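Under the UniProt record's numbering, think of the first position of the sequence shown as 1, with each following residue one higher. First the structure, in the form of structure tokens, and then the observations on it.
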Amino acid sequence: MAANLQKILPFEESGNFDSNNLIIFLHGYPDTSDLWKEISNKVDKDAFILNFSYPNYSEKYSKIFGFTQLEVTKRIKEIVDIYQKIKQRDITIVAHDWGAILAYMLDKNYPGYFKQMIALDVAGWIDKSPKVMKAILSYQFKLALAFIIGLILPFVGNFITDHVVKGYFKYQPEHHKRINYKWNYFYVYFLFNAIISIFSPKANYLYKYKPNIPVVFIYGEKKPFQFHSQKWIEYLQNTKGCECYGVQSNHWIPQNEGDFVVATIKRRLQAK
């Protein structure tokens, strides 16, 4: 069945099909679904698993303009619906980076559909101070620009992308040779959405977002700036069922604190 659904969105299924738990893994940029491989292998007896990816990130799915974040969430929901019709399960989202943004959008747009969420390093409410916004927008603008230029001059788009990933992110995953300008479409759509939201606030993907489900938020303390606001931390600390942890890691918590993430997943799955 998974092979037929790949036309909707690339994903891998694994784990315990008989389990009453379903884990949805969502990765970010510039990662692939391999980000979750070690963690997934350690929780595959505890849940059935759907590990999603996106156009161009997956070698099996190429689409020059990718999909908007909203379209990706609709397609994730479409696939999960099919599995839920076969066997109804409690759904836990485990997400990092862009995946966390998609997770918040799923929670906002389909309230009550999911049981809980474990979000890594990117919050539902970010710090909007000038210093942080400048840092975030500086690399996002470059990656969006790389995508647009790459449509005309691919080698220039790839050069800018490579510069940002290796220089700004200081990150070189095993799949680094595959990273190219075609991966950057999320940044174009996000900035476009941000511009529209200036004139129509309700158009914002996460307009007045407030979690509908328990959220466990894990963030890396070893970063130049944080992708969360203090209000987000305070909200989670004061909301029943939610948790918040700072760990000794940079942005890539799944690699650096994988055992902590695994332990958190197992504990939350066992909780009533």
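Glycine residues also receive a C-beta, built at the ideal position from the N, C-alpha and C atoms. Please read all numbers here as calculations on a predicted model, not as lab measurements.
Can you tell me whether DSSP reads residue i as helix, strand or coil?
i	result
threonine 239	coil
glycine 66	coil
phenylalanine 11	strand
isoleucine 118	strand
glycine 124	coil
glycine 258	helix
tyrosine 104	helix
tyrosine 110	coil
Identify which residue in the options has its Cα closest to the Cα of residue i.
i	options	result
lysine 60	Tyr171, Lys45 and Thr32	Thr32
lysine 166	Pro154, Glu221, Asn193 and Asn180	Asn180
phenylalanine 25	Lys42, Leu50 and Lys170	Leu50
serine 53	Ile79, Val156, Pro111 and Glu12	Glu12
proline 30	Glu78, Asp18 and Gly99	Gly99
alanine 119	Gln69, Gly112 and Leu106	Leu106
alanine 123	Asp259, Glu257, Gly246 and Phe260	Gly246
alanine 95	Phe147, Asp18, Pro254 and Ser249	Pro254
asparagine 212	Phe159, Lys240 and Lys202	Lys240
glutamine 84	Leu35, Phe65 and Ser19	Ser19
lysine 222	Arg178, Ser249 and Trp232	Ser249
alanine 263	Lys231, Leu9, Leu35 and Ser40	Ser40
cysteine 244	Ala103, Tyr219 and Ser62	Tyr219
serine 129	Leu22, Leu236, Asn21 and Lys231	Lys231
asparagine 238	Val261, Pro214 and Phe227	Pro214
alanine 271	Asn21, Tyr113, Leu70 and Tyr207	Asn21
leucine 35	Asn158, Leu5 and Val261	Val261
leucine 137	Phe227, Ile23 and Asn109	Phe227
leucine 5	Pro111, Ile82, Leu70 and Ile64	Ile82
glutamine 88	Lys45, Ile23 and Asp259	Ile23
aspartate 97	Asp162, Pro55 and Gly28	Gly28
tyrosine 110	Phe141, Ile76, Val132 and Ser197	Ile76
asparagine 158	Ile195, Tyr168, Phe169 and Ala146	Ala146
proline 55	Glu234, Tyr185, Ile198 and Ile196	Tyr185
serine 14	Ala2, Pro154 and Lys7	Ala2
isoleucine 64	Gly150, Pro10, Pro173 and Gly112	Gly150
Can you find a heavy atom of the ligand NAD that lies under 6 angstroms from the Cβ of residue i?
i	result
serine 53	Ligands in the displayed structure: none, and consequently the ligand NAD is not present.
Going by other Cβ atoms of all chains shown within 10 Å of its Cβ, with 16 needed for buried, is residue i buried or exposed?
i	result
serine 200	exposed
glutamine 116	buried
glutamate 78	exposed
glutamate 257	buried
glycine 66	buried
phenylalanine 48	buried
isoleucine 101	buried
phenylalanine 192	exposed
phenylalanine 141	exposed
arginine 267	exposed
Are the CB atoms of residue j and residue i within a distance shorter than 7 angstroms?
i	j	result
alanine 144	tyrosine 187	yes
tryptophan 252	tyrosine 57	no
serine 229	isoleucine 86	no
phenylalanine 225	alanine 135	yes
valine 80	isoleucine 265	no
tyrosine 189	threonine 73	no
valine 156	tyrosine 139	no
isoleucine 93	alanine 103	yes
lysine 108	tyrosine 171	no
asparagine 16	lysine 37	no
alanine 203	isoleucine 196	yes
What are the complete alpha helix (DSSP H) segments, minimum 4 residues, inside the stretch 21-99? Listed in chain order, they are 37-43 and 69-86.
Which ranges would you report for the beta strand (DSSP E) in the stretch 183-239 if only whole runs of at least 3 residues count? Counting only runs of 3 or more, we get 215-220.
Which full runs of the alpha helix (DSSP H) of 4+ residues lie inside the stretch 147-184, going along the chain? Uninterrupted alpha helix (DSSP H) stretches at least 4 residues long and entirely within the stretch 147-184 occur at 154-163, given in chain order.
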